[in-house]
Amino acid sequence: MTNIKKITSSEITPEHIYNDRRNFIKNLGLILSSSALSTFANTGFGALSSLPSFTESKDHGNDKLTSLKDITSYNNYYEFGTSKSDPHDHADLLKIDPWSISIEGSVAKSLKLDVDDLVKLIPIEERIYRLRCVEGWSMVIPWVGIPLSSLLKKVSPTGNAKYVEFVSLKRPSEMIGQKDDMLDWPYTEGLRLDEAMHPLTILAVGLYGKVLPKQNGAPIRLVVPWKYGFKSIKAITKIRLVEKMPVSTWMKANSKEYGFYANVNPEVDHPRWSQATERRIGESLLAPRIKTEMFNGYQKEVAHLYQGMDLKRNF
Amino acid sequence: MKFNQTYIKRLIFILSLWPLLSISIYIFQDNLGANPIEFIERHFGKWTLIFLCLTLSMTPLRRITNISEWILYRRMLGLFVFFYASIHLLCYIGLDYHFAWIDIKNDIIKHRYVLVGFLAWLLLFPLAITSSDKMIRRLKVNWKRLHRLIYAIAILGVLHFVWLVKKDLTEPLIYAAIVSILLILRLDIFNRKKN
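Residue numbers (our numbering), protein chains in the order written: chain V, 1 to 315; chain R, 316 to 510.
Shown next as C-alpha cells:
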C-alpha cells in the first residue's frame, strides 16, 4: 500500500548511460588482462552482483545529473594514485569480495556483516546529491544506499557515543597508491553523532542504479552531501562509535587546511582554492563557474546542527 | 653557417608550436576529460614551465658545449615562455572566471599560488617588450640587468606549481630540481673563464 514506485535497476538507467557503461567496460578491457576482464564482467563492479530493487529518488531538483563517465573517471582516491584518472585506471586491482564491515565501539551490540547482508537488513534507496570537492569542482550524483542512521540504530549507540569514526582499508598490494606514505593509511574520517544520524547522511552501495564502481568507493562508502567530498570516505571496513572527536586523515596531513567539520561554506576560504564558486563537471567549455551555496545547498536541512558555532573557527 | 642558423631557428619555431597543436588535437577528439578547463589551464601552465627551463638552458649549454649558437635561440624560446604564460593566464581569466574581475582579484589576493603565478606573468611582460634588437641597443647595460628578472620568474613559476599541489609534490619538485640546477650552473664557481 505504498505509492512509492518500486523499480528495478535496469529500468532507471537511460540507454545512453547504459551504452556509456558498455564503452567504459570496453575501455577498461584495454587495461585489464583478458582473465581479469572476465572476472570483472562476471561480478559486475563489486561484491554485490546486483542491487536489490530500490526506491527511486523523488527529488531530482533542477540539477542535471553528471554523466556516469565523468563520475567514474574523475576521482580523488589517493589509495590508487594522486591523479584524477588513477582510480579509474587502478581500482580494478582491489578485491572487494569477501568484504565485511564492522560497527563497534560504544554500542549495545556490535555488528559485523558483509554488504550483501547489509542491503537485506536495510532497504536501499536512491538519493541524488550534489558533491562539492574542496578543490572547487562539483558533480550531481545519483547514489543508491542506506541511511547511516538506520544502521546505527541497529547497534544502539550508548551514552558515551559522541562521534562516529570511519576506517577504510590499508592493502598496498591492491591499493597501489598506498605504496607511498603521503597520507597516513588507512584513510580515516569522522562525524559528530548527530551528523551521522542526520537523514541526509547515507552509506552508498550503488551509483546510477547499479552496483558501486570500485573507483567510487565500492563496496560501501559514506556520502555526506553538505560537506566537502573528502569527508565521504570510501571502501569502509570499520565504523566505530567513540567519545572523543576522531582525527581524520586530512587533519593529520594538514590541520591548517582541513578541519574536522569541512562543511561546504562559500564564506570560509581555503588557502589554496576559492570556495566562493565552483565548476560543475560535465558542463561545456564555455559554461561559467557557479556560486557555491552554504552547506552545498542543504542549509535548510542541516543548518540547525551548527547553531551558535563559529564556522570560521570550526572549518 | 648563416643559412643553417636560419633553418634551425625556423625548425625551433615550428616545434615550439607543438603545445598549440597538441591541445587542438585533444579538443578535436573531445579528449579533455571531465574537467576540460582545468586540463587546458594545466596544459599551458606545464608548457610555460618547460619553455622556461629550455630558455634557461641555453647559456649553460653554450658554456658546456663550447658552441655559441645556442644563445641565438634563447630570445625566441623566452618569447614562447611569455606566449604560453599569457595563454595560461587568459584561460584562467576568460575560460575559468569569465572575466569576473572581482572574483579574480579575490582569488589572486587570497591564494598565494595564484599570486605568485600572476606576479611571474607581470614580470615577464617587460622582458617580452624589451626583447627587440632596438630595445637591446637602447637599454645597453640595463637590458642585461632587467633580463636577470628571468631568474625570479623561474622561481615564482615553480612556487606557483608547488603551492597549487595538495599533497603529491613529485611533479612540481621535478621542475624545482631542474630550475635549481640551471640557476646553480650560473654561479661564479662554475663560470670561471677557461684560459
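The beta carbon of each residue, even a glycine, is placed where N, CA and C say it ideally should be.
What residue range is occupied by the uninterrupted alpha helix (DSSP H) comprising residue i?
i        : result
V/THR158 : Segment: none, V/THR158 is in no alpha helix (DSSP H) and carries neither H nor E.
R/GLY393 : 389 to 405
R/ALA492 : 485 to 499
V/GLU195 : 193 to 196
R/GLY432 : 427 to 444
R/GLU384 : Careful: R/GLU384 lies outside any alpha helix (DSSP H) and carries neither H nor E.
R/LEU474 : 464 to 479
V/VAL302 : 299 to 302
R/PRO334 : 333 to 343
By the three-class DSSP mapping on this structure, what secondary structure does residue i have?
i        : result
V/TRP250 : helix
V/THR188 : strand
V/THR237 : coil
R/ILE379 : helix
R/ASN506 : coil
R/THR321 : helix
R/SER372 : helix
R/ARG452 : helix
V/SER73  : helix
V/ILE290 : strand
V/ALA36  : Caution applies to V/ALA36, whose pLDDT of 41 falls short of 50 and renders its modelled position unreliable; the model cannot decide the point.
V/GLU243 : coil
V/GLY256 : In the sequence under discussion, the amino acid at residue 256 of chain V is Lys, which differs from the Gly named in the question. DSSP places V/LYS256 in coil when its eight states are reduced to three.
V/LYS84  : coil
R/LYS420 : helix
V/ASN216 : helix
V/ASN263 : strand
V/LYS227 : strand
V/GLN307 : coil
R/GLU356 : helix
V/SER150 : helix
V/GLY46  : Residue confidence is low: V/GLY46 scores 42 on pLDDT, short of 50, so the model does not pin down where it sits. Its coordinate-derived value is still stated next. V/GLY46 falls in the coil class under three-state DSSP.
Are the Cβ atoms of residue i and residue j separated by less than 8 Å?
i        : j        : result
V/LEU111 : V/VAL155 : yes
V/THR66  : V/ILE202 : no
V/PHE166 : V/ILE236 : yes
V/MET139 : V/ASP70  : yes
R/LEU498 : R/ALA467 : no
V/THR249 : V/TYR187 : yes
R/LEU392 : R/THR370 : yes
V/ASP114 : V/PRO98  : yes
V/ARG289 : V/TYR228 : no
V/VAL264 : V/VAL205 : no
V/ASP89  : V/LYS214 : no
V/THR55  : V/GLU126 : yes
R/ASN421 : V/SER274 : yes
V/SER150 : V/ILE122 : yes
V/LYS300 : V/PRO266 : no
V/VAL223 : V/LEU51  : no
V/LEU285 : R/LEU410 : yes
V/PRO225 : V/LEU200 : yes
R/PHE354 : R/PRO334 : no
V/VAL242 : V/TYR129 : no
V/MET175 : V/PHE80  : yes
Taking residue i as part of the beta strand (DSSP E), name the residues at either end of that continuous run.
i        : result
V/GLY206 : 202 to 207
V/LEU322 : Residue 322 of chain V lies beyond the residue range present for chain V, which begins at 1 and ends at 315; the question has no answer from this structure.
Looking at the strands, I want to know which residues DSSP matches up with residue i.
i        : result
V/SER138 : V/ARG132 and V/ARG280
V/ILE101 : V/LEU113
V/LYS363 : Since the first residue of chain V shown is 1 and the last is 315, residue 363 of chain V is not available in this structure.
V/GLY145 : V/GLU125 and V/ALA204
V/LYS120 : The partner list for V/LYS120 (beta bridge, DSSP) is empty, contrary to what the question assumes.
V/PHE166 : V/GLU189 and V/ILE239
V/VAL107 : V/PRO157
With 9 Å as the C-beta to C-beta threshold (strictly closer), list the residues of the region 209 to 226 of chain V near chain R in chain order. none
For the region 398 to 412 of chain R, which residues have a beta carbon sitting closer than 8 Å to at least one beta carbon of chain V? LEU410, ASP411 and TYR412
Residues within the region 460 to 483 of chain R neighbouring chain V, beta-carbon criterion of under 8 Å: TRP478, LEU479, LYS481, LYS482 and ASP483
Name, going along the chain, the residues of the region 414 to 427 of chain R whose beta-carbon falls closer than 9 Å to a beta-carbon of chain V. ALA415, ASP418, ASN421, ASP422, LYS425, HIS426 and ARG427
Contact list for the region 331 to 354 of chain R against chain V, Cβ threshold 7 Å: GLY348, ALA349, ASN350, PRO351 and ILE352
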